[in-house]
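Take 946 as the starting number for the sequence shown in the numbering used here and just add one per residue.
What follows is a single structure, written as structure tokens, with notes after it.
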Amino acid sequence: MNPFIDNILTDSCQRRVNYLRISVTDRCNLRCRYCAPLIPKQIRKNELLTFEEMYRVVETAVACGITKVRLTGGEPLCRRGVIDFIRRLRDLPELTDISMTSNGTMVAAHAARLKEAGLNRINISLDTLDRDKFRWLTGADRFSEVWEGIEAASESGFDPVKINTVVMKGFNDDEIEQMAGLAVRFPFHVRFIEYMPIGIDPSDARSSFLPVSEVEAKIRRLGKLTPVSGPAASGPAVQYRIGEGKGEVGLIGSMSSHFCSSCNRLRLTATGYLRPCLLSDDQVNVIKPIRRGITDSEIKALILETLSKKGKEHLLSFTGGPSLQSCMGSIGG
Ligand code: SAM
């Protein structure tokens, strides 16, 4: 009998928390200029949670009321064993949604196995349709592999495949209509995400920032935008269909319009910290206590401690405000 199964995680702002995002590795095979840390930290293997340790946290979190898990990173497919981990998660009956955010470079090779293992949904990051710009941004000539990954995910039955695009003034703002056009031609969901000043030079983020309101204005030129009230899985995105398009576009205004009031997330970092928010450095160490041999009840207490640290809203801004010490890859974007 599971002692926590009747629990529902509700924080002090009465937000129901049912979603855990896990950075399964800090490693990535791309070096995206806006994401990679300025000074990469060398993390030893034994500083990372093992899948066994991650599973203990997830199992307890699920018993507390978590029903959705997203695997991210770093690049989750860079960590050997991740597909077996998904297969294991699938056997937790209360876990109704297992998803992954990937850079797409290795998806073509693994899409069918990911589907078969029980992955429900996949988001693939792609910021440009121009091969040269892709190489400049990521440091790797792998645009074609990402596109093949998107196609393979779709062919393997992921529906919709979501494409995450971080909008950067002067880099890809001239491609917004073209990217949105993918959601007309294909049954994909293209999600435009505001550039956040995290792990990068804040002045660069400020000068590259483009609010999603401007993205929306550009997309309107493509056709009538019909709001789509997506399933809860759409999360913070405001969703539209363009004309009779096959897919949808989503706008995620992480900076211009906080969606903190409906935030339902906790995070687990690759190095074993629980965090209440992507955009705050507050965290609770779970790796040390787990390695000391704590019980499931004690893991639950650490989850509740993390929940108690969940602020009303994030304080990150381009103009003053606290800056974030951690980079996206280690927290798990
Ligand atoms: N490697 C995987 C990938 O590329 O999707 C997962 C990790 S990556 C950190 C997750 C997401 O965070 C990506 O969609 C990426 O574009 C986004 N991201 C990283 N840095 C960001 C920033 N400064 N602002 C907004 N989004 C960012």
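No residue lacks a Cβ here, since even glycine has one placed at the ideal position from N, Cα and C.
Alpha-carbon to alpha-carbon, residue j and residue i
i, j, result
"N1230", "R1080", "37 Å"
"A1178", "Q1184", "Low per-residue confidence applies at A1178: pLDDT is 48, beneath 50, and the placement is therefore not dependable, though the value from the model is reported in the following sentence. The straight-line gap from Cα to Cα measures roughly 12 Å."
"R1212", "V1014", "10 Å"
"S957", "G1256", "9 Å"
"F1204", "R960", "12 Å"
"R1151", "N1209", "27 Å"
"G1084", "E1020", "15 Å"
"E1120", "L1249", "43 Å"
"E1122", "T1110", "12 Å"
"E1258", "S1206", "7 Å"
"L1059", "D1227", "32 Å"
"S1225", "D1118", "28 Å"
"G1192", "L1127", "8 Å"
"K1254", "E998", "22 Å"
"R978", "R989", "23 Å"
"P1132", "V1173", "14 Å"
"I1276", "S1070", "17 Å"
"I1031", "I1043", "8 Å"
"A1245", "E1096", "In the sequence as displayed, the identity of residue 1245 is Lys instead of Ala. Straight-line Cα distance between these residues: approximately 40 Å."
"T1041", "S1158", "33 Å"
"E992", "D971", "11 Å"
"R1220", "N963", "14 Å"
"T1171", "E1189", "9 Å"
Reduced DSSP secondary structure (H/G/I, E/B, other) of residue i
i, result
"R976", "coil"
"N886", "Shown here, the chain extends from 946 to 1278; a query on residue 886 therefore has no answer."
"E1120", "helix"
"N1048", "coil"
"L1040", "coil"
"S968", "strand"
"P1172", "strand"
"G1102", "coil"
"R1186", "strand"
"E1139", "strand"
"G1195", "strand"
"R1087", "coil"
"A1162", "helix"
"K1078", "helix"
"R1024", "coil"
"T1240", "coil"
"T1005", "helix"
"A1178", "For A1178, the predicted structure reports a pLDDT of 48, less than 50, and the residue's modelled location is therefore unreliable. The matter cannot be settled from this model."
Residue i - partner residues in DSSP beta bridges
i, result
"K1107", "N1068, H1134"
"R1015", "R966, S1044"
"N1230", "Y1218"
"I1031", "DSSP output for I1031 lists no bridge partner at all."
"R1058", "According to DSSP, which records beta bridges pairwise, R1058 is partnered with nothing at all."
"R961", "T955"
"V1112", "E1139"
Proximity below 7 Å, CB of residue i to CB of residue j
i, j, result
"V1112", "L1155", "yes"
"V1194", "I1235", "no"
"M1124", "V1106", "no"
"A1098", "V1052", "yes"
"L954", "G1010", "yes"
"S968", "T1005", "no"
"T1050", "V1002", "no"
"A1294", "S1101", "In the structure as shown, the chain begins at 946 and stops at 1278. Residue 1294 is therefore absent and cannot be evaluated."
"S1047", "L1022", "yes"
"V1063", "R1035", "Strictly speaking, residue 1063 in this sequence is Gly, with Val absent from that position. Yes, these two residues count as a Cβ contact at 7 Å."
"G1278", "L994", "no"
"E1139", "M1200", "yes"
Near the ligand MG: residue i beta-carbon under 6 Å from a heavy atom
i, result
"S1047", "Ligands displayed in this structure: the ligand SAM; the ligand MG is not among them."
Closer than 7 Å to chain C by CB, residue i
i, result
"F1116", "Within the model displayed, chain C is absent; a lone protein chain is all it includes."
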